[in-house]
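Shown next, in structure tokens, is the structure this report addresses.
Protein chains: 2
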Amino acid sequence: MNVEKIIKTEKEIPLESRTIIHFMLVNNKINEAFADILKPYDVSLQQFNVLRILRGQNGKPANLSTLNERMVTKMSNTTRLVDKLILKGFANRIVCPSNRRKVEINITSEGKKVLKRMDTAMQKAEKSILKNISTKELEQLNSLFNKF
Amino acid sequence: MNVEKIIKTEKEIPLESRTIIHFMLVNNKINEAFADILKPYDVSLQQFNVLRILRGQNGKPANLSTLNERMVTKMSNTTRLVDKLILKGFANRIVCPSNRRKVEINITSEGKKVLKRMDTAMQKAEKSILKNISTKELEQLNSLFNKF
DNA sequence: ATACAATAATTGTATATACAAATGTATTTT
DNA sequence: AAAATACATTTGTATATACAATTATTGTAT
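Taken in order, these protein sequences are the chains called A and B. Counting from 14, one number per residue, gives the positions in the first sequence under the working numbering. Counting from 14, one number per residue, gives the positions in the second sequence under the working numbering.
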């Protein structure tokens, strides 16, 4: 992935800016790859992320603030994201009996079923994205990312 | 930046997935920092990017496909992005006389003026984002990103 | 017990983005 | 020259996301 070629510039980009642009380019590539995988299932990457969180609860319902805390990309309208999952039959939502301000969200069995299929496809995509990166390099990336 | 802490999970995340999640977390952080800087100017990161491309043209007008080629984050509706810039008085657009299918987009002097101020603020943000990263590490990141 | 503040989620509204279809123009083929 | 194709952009429509205001419920202070 060559930055200058992709954004078609002849100018020398300062190392700092170049790194950030590079960062964004790789991130876009990853996001597009994942979005492509998820498209047939009609869920966004964020919706997929929430489904995984819900499954990870092992039956214990999640409320909105829990979801927000755990989402990789936090966002300012989880209510509507969950609306979409419910509409698709992948989740359900009831008012929390012990605290009627809260809400209890669960993944449905249909949601689990579809998520399982998505998982397989997503793992394949992950492998493909990282096919040129060695374990040592993955560790390097992680420790560099820690500095941000 | 600790992945497990941020997404509040106790489970061990496989190195591959962890790297990608880490990637996204850092990217989100960068995007938020930049968005915060740009918010007072009422432009999005993509709009800022297009303004910079327009300025980089040095008076030579750009058409939509040129913009699309050079944008860091390509998107499927550059017409409307440019609409917004025109609405804000930062750009103008005329039909290309030599090929009436095309369009000629230029940055206005108002656009240049505001962009100059944004640049200063954005550079500060960039510095702050990278404050813990050495030159050597920046080079490492770039060469690792090349593998994607 | 009432008033006030804090918490949790929802709703309204605006902008951003994705994608397909449509429009208008230029080029190529027959 | 007319028809077909290719090109460049725009428009319609749907979804996604951001942010502020609102609603409903609970907790706290007087």
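No residue lacks a Cβ here, since even glycine has one placed at the ideal position from N, Cα and C. Bear in mind the structure is a predicted one, so any value in this text is a computation, not a measurement.
Please report the distance separating the alpha-carbon of residue i from that of residue j.
i	j	result
valine 95 of chain A	glutamate 82 of chain A	15 angstroms
tyrosine 54 of chain A	phenylalanine 47 of chain B	32 angstroms
valine 16 of chain B	asparagine 71 of chain B	43 angstroms
asparagine 155 of chain A	valine 39 of chain B	11 angstroms
aspartate 132 of chain B	asparagine 90 of chain B	25 angstroms
aspartate 49 of chain B	serine 141 of chain B	13 angstroms
methionine 14 of chain B	isoleucine 43 of chain B	12 angstroms
isoleucine 26 of chain B	phenylalanine 161 of chain B	21 angstroms
alanine 104 of chain B	isoleucine 33 of chain A	26 angstroms
phenylalanine 36 of chain A	isoleucine 19 of chain A	13 angstroms
arginine 113 of chain B	arginine 106 of chain B	12 angstroms
valine 116 of chain B	lysine 73 of chain B	12 angstroms
glutamine 153 of chain B	leucine 143 of chain A	17 angstroms
methionine 84 of chain A	arginine 31 of chain B	14 angstroms
phenylalanine 61 of chain B	glutamine 136 of chain A	35 angstroms
isoleucine 21 of chain B	lysine 21 of chain A	Here residue 21 of chain B is lysine; the residue named in the question, isoleucine, does not match the sequence. Cα to Cα, the separation comes out at about 40 angstroms.
threonine 148 of chain A	alanine 138 of chain B	32 angstroms
Return the residue from the list the options that minimises the CA-CA distance to residue i.
i	options	result
valine 127 of chain A	A:Asn40, A:Leu98, A:Lys18	A:Leu98
glutamate 150 of chain A	B:Glu29, B:Lys101, B:Thr86	B:Glu29
leucine 100 of chain A	A:Thr121, A:Glu117, A:Met84	A:Thr121
isoleucine 217 of chain A	A:Gly69, A:Met88, A:Lys24, A:Glu23	The question about residue 217 of chain A has no answer, for chain A in this structure spans 14 to 161.
glutamate 23 of chain B	A:Ile66, A:Val116, A:Thr92, A:Lys125	A:Ile66
alanine 134 of chain B	B:Met84, B:Val108, B:Ala75, B:Lys52	B:Lys52
glycine 102 of chain B	B:Asn159, B:Cys109, B:Arg113, B:Gly124	B:Gly124
asparagine 10 of chain B	B:Ser57, B:Val108, B:Gln136	Not covered by the structure: residue 10 of chain B. The range shown for chain B is 14 to 161.
valine 63 of chain B	B:Glu45, B:Lys21, B:Thr92	B:Thr92
Indicate the three-state DSSP secondary structure (helix, strand or coil) for residue i in the structure shown.
i	result
glutamate 25 of chain B	coil
isoleucine 43 of chain A	helix
valine 116 of chain A	strand
lysine 144 of chain B	coil
asparagine 81 of chain A	helix
aspartate 49 of chain A	helix
aspartate 96 of chain A	helix
lysine 137 of chain B	helix
aspartate 132 of chain B	helix
threonine 86 of chain A	coil
lysine 126 of chain A	helix
lysine 18 of chain B	helix
glutamine 70 of chain B	coil
serine 111 of chain B	coil
lysine 149 of chain B	helix
Would you please state the rounded distance, in angstroms, between the beta carbons of residue i and residue j? I believe it to be under 8 angstroms.
i	j	result
threonine 86 of chain A	glutamine 59 of chain A	6 angstroms
Going by DSSP, name the residue or residues bridged to residue i.
i	result
alanine 104 of chain B	B:Ile120
alanine 75 of chain B	B:Ile118
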